[in-house]
Every structure is written in C-alpha cells, then in structure tokens.
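J.:
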Amino acid sequence: MKQEALIAWTSLYIGVGMMALICAVLAVVVTADDWRSGRWRPTHQTGLQKALVIPKLWLRWQLNYLKGAPVILAISVYYAWHVGFSVFWNV
Numbered sequence: 001m002k003q004e005a006l007i008a009w010t011s012l013y014i015g016v017g018m019m020a021l022i023c024a025v026l027a028v029v030v031t032a033d034d035w036r037s038g039r040w041r042p043t044h045q046t047g048l049q050k051a052l053v054i055p056k057l058w059l060r061w062q063l064n065y066l067k068g069a070p071v072i073l074a075i076s077v078y079y080a081w082h083v084g085f086s087v088f089w090n091v
C-alpha cells in the first residue's frame, strides 16, 4: 500500500471516530435533557418498571445516537471523495 493511501485511510478512520465520539456525547446530553425537561420520562412505579429503566434509557440513547449517523456518513463520504479515494482503489 502506498504511503499516501495509508495516510488517507488513517485520517478517515480518525475523523469518523472523532465524529462518532462527538455524536455519542451529544446523544447523552439530549437524553439527559429529555429526561430532565420531562419530554421523555420512563415510568418507574412497579418493580418491573424500575427494573426496565436502564434498558429504556439505553434504548433512548441509542435512538438519539442513530439520529447522527446520516451526518457522520455524509461527512465521511464527502471527505473520502475530497481526498480522492477513487484513485487509491486501483492500488
């Protein structure tokens, strides 16, 4: 593999990883804000409902996280196009 291709792939992976981290942190913030503001609050009156609070919280976080996936995909595809990954496929 050429040095330029290795640098391009490495920078793409680092960039996507950073965007995924930012998306995860923002999903935590949105989930906490939804719960704090009362827009979303799981019921926890019975024992079963109390046991399901953590899975419901995890599911809500996952849904908020997945809302950012199209943005991450679009940015990474645009970056790959900008860097010229089509040139590196013929290596």
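Here the UniProt record's numbering is used: position 64 in the sequence shown is 64, and no number is missing along the way.
A virtual CB, placed ideally from N, CA and C, is assigned to each residue, including glycine.
Note that the coordinates shown come from a computational prediction; the quantities given were computed from them, not determined experimentally.
1) Going by beta carbon distance, what residues of the same chain come within less than 6 Å of G68, once the five residues before and after it are set aside?
2) So, under 8 Å CB-CB, W58 and V28 are touching, yes? Tell me the CB distance rounded to an integer number of Å.
3) Alpha carbon to alpha carbon, what distance is there between V71 and W9?
4) Is Q45 helix, strand or coil when you go by DSSP?
5) Going along the chain, which residues of its own chain have a beta-carbon closer than 6 Å to the beta-carbon of W31, five neighbours each way excluded?
6) With respect to the alpha helix (DSSP H) encompassing residue 129, which residues constitute its N-terminal and C-terminal limits?
T.: Let me lay it out:
1) In the sequence shown, counting from the first residue as 1, residue 68 sits at position 68. Closer than 6 Å at Cβ, skipping near neighbours: C23.
2) Locating residue 58 in the sequence shown gives position 58, counting from the first residue. Locating residue 28 in the sequence shown gives position 28, counting from the first residue. About 11 Å separates the two Cβ atoms, so there is no contact after all.
3) Here residue 9 is taken as the residue at index 9 of the sequence shown, counted from 1. Here residue 71 is taken as the residue at index 71 of the sequence shown, counted from 1. If I take the Cα positions, the gap works out to 19 Å.
4) Translated into the one-based positions of the sequence shown, residue 45 becomes position 45. It is coil, neither helix nor strand.
5) As a position in the sequence shown, residue 31 is number 31, starting the count at 1. Before going further, note that residue 31 is Thr rather than Trp in the sequence given. Excluding residues within five positions, the ones whose Cβ falls inside 6 Å are R60, W61 and N64.
6) Here the chain has residues from 1 to 91 only, and residue 129 is not among them.
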